[in-house]
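Reading through the structure tokens given below for one structure.
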Amino acid sequence: MLIEIRIDKDKIINNIKKIREINKNIIFVLKDDAYGLGIDNILPIILSDDVEKIAVAFINEAVKVKKIINESNKSKISVMTLNYVEKENLNIALKEDIEITIYSLIQLNEYIEYMNQNMCNLRLHIKLNTGMNRLGFDEIDVSELIRLIKTENLQIKSIFSHISNVDDIKMTRKQINKFNEMIKIFDDNEIKYEYKHIQASPLLFKEKDKYNYDFARVGMALYGLQPLRTTIELENPIQLISKVIHIRNVKKGEKVSYGINNKLNLDTKIAIIPIGYAHGIQKQIENKKSYVLIRGKKAYVLGEICMDMIIVDVTNIEEISIHDEVVIIGEQGKYNISVTKMANWADTIQDDILSKLDKNIKKIIINNNK
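Quick note: the sequence shown, position 68, residue 68 per the numbering used here, numbers continuous.
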């Protein structure tokens, strides 16, 4: 294959063990096709662990997860959506036993109308807005929300919120306090729910078990993405691999690739790698001293990233040859290109790098412990 993603099963399992050292109760987040790695690839790995709950973004992902779970004879695992489910898709949630997040009175009333018309009861998760101001009920909504829960006899699975920036300790504590105050209103009104949660990967590793509550929603840490500015001992299970398809010598003063910032200052041996921005390699990494790894050495990117090719400097890799393996993300020799490093080159975040990789790239599960 010209391009492939290798996913190390054992490293994902090791990350789960690391997460469980802080909070043993995990909601595994497989949203947006498991951060681009593929639900089909990641779910079977985590099913080898003791899984109770899974969260996804949209209803179609939830259906896919339920199918794999049922085929694995683990039907007791619950699946929740974190994003909006359109009214016309609520029948799917009922049929597939999928739990749904509610975050506003308008949305809830829409769902209540559906439940009354169809004489059914959806299983709901309440999201509270504690300061991120994205999705979630505001404090002013809570009294009406409680009234509707009691009047309509709604089935509430959990109450949760989300921290916006764990590096802002003051804001985090403000959000936690607000969450506790809002939870108390539900408790004082004897609203029944099964569990509560506010930890995602950043809060989990920043504050350890300080805010465990009942569950932690874990996405990025599962995939080895660093949840904090400081490095956490998580293992990178992802390698993005390609190969050299052409080598040529270019004279000093000549140009490579598109654009104007591509004139060579020295005679240079270059290699062509058949991967580009169409595959998710962000153009922002060009001119940032970014590199790939070939034969355990750094090969720096030259000129602009093309749609399906990049050009790298291999002058100092004397033994290079056609078909040599190229590591774009991952380890080779003494060097490691992490998703974090790639994100820094592109001036973006790790999730953006991973989720933008072309979904058609072949993915291979490897097990290095065997």
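We treat Cβ as the ideally placed atom computed from N, Cα and C, and that holds for glycine.
Here the structure is a predicted model, which means the values were calculated and not measured.
Practice item. Could you have a look at Met-309 and say whether DSSP puts it in helix, strand or coil? Key: Of the three classes helix, strand and coil, the one that applies to Met-309 here is coil, per DSSP.
Review point. Do you know how far the Cα of Phe-215 is from the Cα of Asp-187?
Key: Taking the CA atoms as reference points, Asp-187 sits about 18 Å from Phe-215.
Check your understanding: Does the Cβ of His-246 have 16 or more other Cβ atoms within 10 Å, making it buried, or fewer, making it exposed?
Key -> Note on His-246: under 16 other CB atoms within 10 angstroms of its CB, so exposed under the neighbour-count rule.
Point to revise | Val-250 versus Val-314 - alpha carbon distance | key: In this structure, the straight-line span from the alpha carbon of Val-250 to that of Val-314 is close to 11 Å.
Review point. Along the chain, where does the beta strand (DSSP E) that runs through Met-80 open and close?
Key: Boundaries of the beta strand (DSSP E) harbouring Met-80: 78-81, taken from the DSSP string.
Exercise for review: Check Phe-160 in the structure and name its three-state DSSP category.
Suggested key: DSSP places Phe-160 in strand when its eight states are reduced to three.
Review point. Which whole-angstrom value is the C-beta distance of Val-312 and Ile-275, which I expect to be below 8 Å?
Key: At roughly 11 Å, the Cβ-Cβ gap does not stay under 8 Å, so Val-312 and Ile-275 are not in contact.
Point to revise | Under the three-state DSSP convention, the category Lys-370 falls into | key: In this prediction, Lys-370 scores a pLDDT of 48, lower than 50, which makes its location untrustworthy; no coordinate-derived value is stated.
Review point. Which value, in whole angstroms, describes the spacing of the CA atoms of Asn-89 and Tyr-35?
Key: Asn-89 and Tyr-35: Cα-Cα distance of roughly 23 Å.
Exercise for review: For Leu-302, write down the residues that DSSP places opposite it in a beta bridge.
Suggested key: Under the DSSP definition of a beta bridge, Leu-302 partners with Ile-311.
**Study point:** Pick from Val-63, Gly-296, Val-339, Lys-150 that is closest to Glu-319, judged by C-alpha positions
**Key:** Measuring from the Cα of Glu-319, the nearest candidate turns out to be Gly-296.
**Study point:** Val-65 versus Ile-285 - alpha carbon distance
**Key:** If you take the alpha carbons of Val-65 and Ile-285, they lie about 34 Å apart.
Check your understanding: If you follow the alpha helix (DSSP H) that Asp-10 is part of, which residue opens it and which one closes it?
Key -> Run containing Asp-10: 9-20, per the alpha helix (DSSP H) assignment.
Review point. How is the alpha helix (DSSP H) around Phe-186 delimited, first residue to last?
Key: Phe-186 -> alpha helix (DSSP H) spans 169-188.
**Study point:** Classification of Tyr-258 by the beta-carbon crowding that lies within 10 angstroms, buried from 16 upward
**Key:** Looking at its Cβ environment, which holds fewer than 16 other Cβ atoms inside 10 Å, Tyr-258 is exposed.
Point to revise | Entirely enclosed alpha helix (DSSP H) segments - the segment 26-89, minimum 4 residues | key: For secondary structure counted as the alpha helix (DSSP H) over 4 or more consecutive residues, the segment 26-89 holds these complete runs in sequence order: 31-35, 39-46, 59-71.
**Study point:** Neighbourhood of Glu-233 by C-beta distance below 7 Å, restricted to the same chain and skipping five residues each side
**Key:** Excluding sequence neighbours, Glu-233 sits near Lys-18.
Point to revise | At least 3 beta-carbon pairs within less than 8 Å: the segment 137-155 vs the segment 183-198 | key: By the C-beta criterion, the segment 137-155 is judged to be in contact with the segment 183-198, since at least 3 inter-stretch pairs fall below 8 Å.
Point to revise | Whole-angstrom distance between Tyr-291 and Asp-40, CA atom to CA atom | key: Looking at the backbone, the Cα of Asp-40 and that of Tyr-291 are separated by about 31 Å.
Practice item. Give the DSSP bridge partners of His-279, in chain order. Key: In DSSP, His-279 forms no bridge with anything.
Practice item. Spell out the partners DSSP gives Gln-239 in its beta bridges. Key: In the DSSP secondary-structure assignment, Gln-239 is bridged to Arg-6.
Review point. Would you say Asn-265 reaches chain D, if we count a Cβ-Cβ gap shorter than 8 Å as a contact?
Key: The chain labelled as chain D is not found in the depicted structure, where only one protein chain is given.
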